[in-house]
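Asks: The structure's right below; bear with me while I get my questions together.
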Amino acid sequence: MQPTQIDLLQGMPIFGAIRVDALQFLLEQAREVGVRAGEFFFRENDLATSMFVLKSGRAVVLKGWQGRDTELHRLGAGDCFGEMALMDLAPRSASVFAVEDCRAIELGAADLLRLFERDAEQFALIQMNIGREVCRRLRATDERLYRITMGEQKSGRDPVPRHLRCGAGPGGPCAALVRLAQPRPQALGGKWKLGVERITCNSSSVMSTAMSANSGVLR
300 MQPTQIDLLQ GMPIFGAIRV DALQFLLEQA REVGVRAGEF FFRENDLATS
350 MFVLKSGRAV VLKGWQGRDT ELHRLGAGDC FGEMALMDLA PRSASVFAVE
400 DCRAIELGAA DLLRLFERDA EQFALIQMNI GREVCRRLRA TDERLYRITM
450 GEQKSGRDPV PRHLRCGAGP GGPCAALVRL AQPRPQALGG KWKLGVERIT
500 CNSSSVMSTA MSANSGVLR
């Protein structure tokens, strides 16, 4: 059983180049958890103290918006999630929901602390790998947002709808604020979904309306 778990960790970017003895030490500290289909590993804004490595089953990452959960990403065996908790210790930024019965390895911040006390070099390498993975995801998100924005411009649609402008005019500072505050497309039930956003400027308050269109699903 242990060699299989080590192979699982070695196949993940955040454990790249980590020695086998360090992985064995981490696995000795770790816990194996089971989450049944229809239950949550954790919810958005929960206290975050650990990451998970999914051994079996399927789960989805959900983000709450206007009282609804939007699917951001799908997880399968071999995927890890929650690793940001090992760096910033901030509350969970999203929820992870099991769509099938799942088994996962849970590694906590305290487990990494014990690795630091034993081998600071391997601890530092894991932290650097996590940082690289977070940067990779940020780049992917930037690229997605860029493509969405450019798609709107090429289609000829005004990224700042007329009814969202205030008296400052199309090129004024309020229009720029609305552009930045525009809600992002979200995949909900096979439809594009735009949420509701309110901003306030010196001259007025504006609110966009929720809009839906059968245009496919974000990937």
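Under the numbering used here, the letters of the sequence shown match residues 300 to 518, in that order. Quick reminder that beta carbons are idealized off the backbone N, C-alpha and C, glycines included.
Within the same chain, show all residues whose beta-carbon is closer than 7 Å to that of Ala393, passing over the 5 residues directly before and after it, in chain order.
Replies: Answer for Ala393: Glu343, Val360, Leu361, Lys362, Leu371, listed in chain order.
Asks: Just verifying my parser: in three-state terms, what is the DSSP assignment at Pro472?
Replies: Per-residue confidence for Pro472 stands at a pLDDT of 40, beneath the threshold of 50, marking its modelled position as unreliable; the derived number appears in the next sentence. It is helical.
Asks: When the Cα atoms are used, what is the spatial distance from Lys354 to Leu374?
Replies: Going by the C-alpha atoms only, they are around 11 Å apart.
Asks: In whole angstroms, give me the CA-to-CA distance for Gln309 and Ile317.
Replies: Approximately 8 Å, taken between the alpha carbons.
Asks: In the DSSP assignment, find the unbroken alpha helix (DSSP H) run with Ile305 in it and report its ends.
Replies: Per DSSP, Ile305 belongs to the alpha helix (DSSP H) from 301–309.
Asks: Rounded to whole angstroms, how far is the Cβ of Ala358 from the Cβ of Ile404, which I believe are closer than 8 Å?
Replies: Their Cβ separation, rounded to whole angstroms, is 14 Å, which puts Ala358 and Ile404 out of contact at 8 Å.
Asks: Using the three-state DSSP reduction, which class does Met383 fall into: helix, strand or coil?
Replies: Of the three classes helix, strand and coil, the one that applies to Met383 here is coil, per DSSP.
Asks: Decide if Val319 is buried, meaning its Cβ has at least 16 other Cβ atoms within 10 Å, or exposed.
Replies: Exposed is the call here.
Asks: Could you give the C-beta distance for Val433 and Ala336, rounded to a whole number, given that I count them as a contact under 8 Å?
Replies: Not quite, the Cβ-Cβ distance comes to about 29 Å (not below 8 Å), so this is no contact.
Asks: Quick one: what does DSSP say Arg330 is sitting in, helix, strand or coil?
Replies: Arg330 falls in the strand class under three-state DSSP.
Asks: Out of Pro312, Phe340, Leu325, which has the shortest C-alpha to C-alpha gap to Ala409?
Replies: For Ala409, the nearest C-alpha among the options comes from Leu325.
Asks: So is Gln365 buried or exposed if we call it buried at 16+ other beta carbons inside 10 Å?
Replies: Its Cβ having fewer than 16 others within 10 Å, Gln365 is exposed.
Asks: How long is the line joining the alpha carbons of Glu420 and Gly315, rounded to whole angstroms?
Replies: Looking at the two C-alpha atoms, the distance is approximately 13 Å.
Asks: For my contact list, Ala347 and Leu388 are in at a C-beta cut-off of 8 Å; report their separation, rounded to the angstrom.
Replies: Right, their Cβ atoms sit about 7 Å apart.
Asks: To the nearest angstrom, how far is it from the Cα of Ala439 to the Cα of Ala321?
Replies: Looking at the two C-alpha atoms, the distance is approximately 30 Å.
Asks: Figure out for me which residue from Phe396, Met449, Gly450 has the closest Cα to the Cα of Glu585.
Replies: Residue numbering for the chain in the displayed model covers 300 to 518; residue 585 lies beyond these limits and cannot be assessed.
Asks: Are the beta-carbon atoms of Glu327 and Met350 separated by less than 8 Å?
Replies: No, they are not a contact pair.
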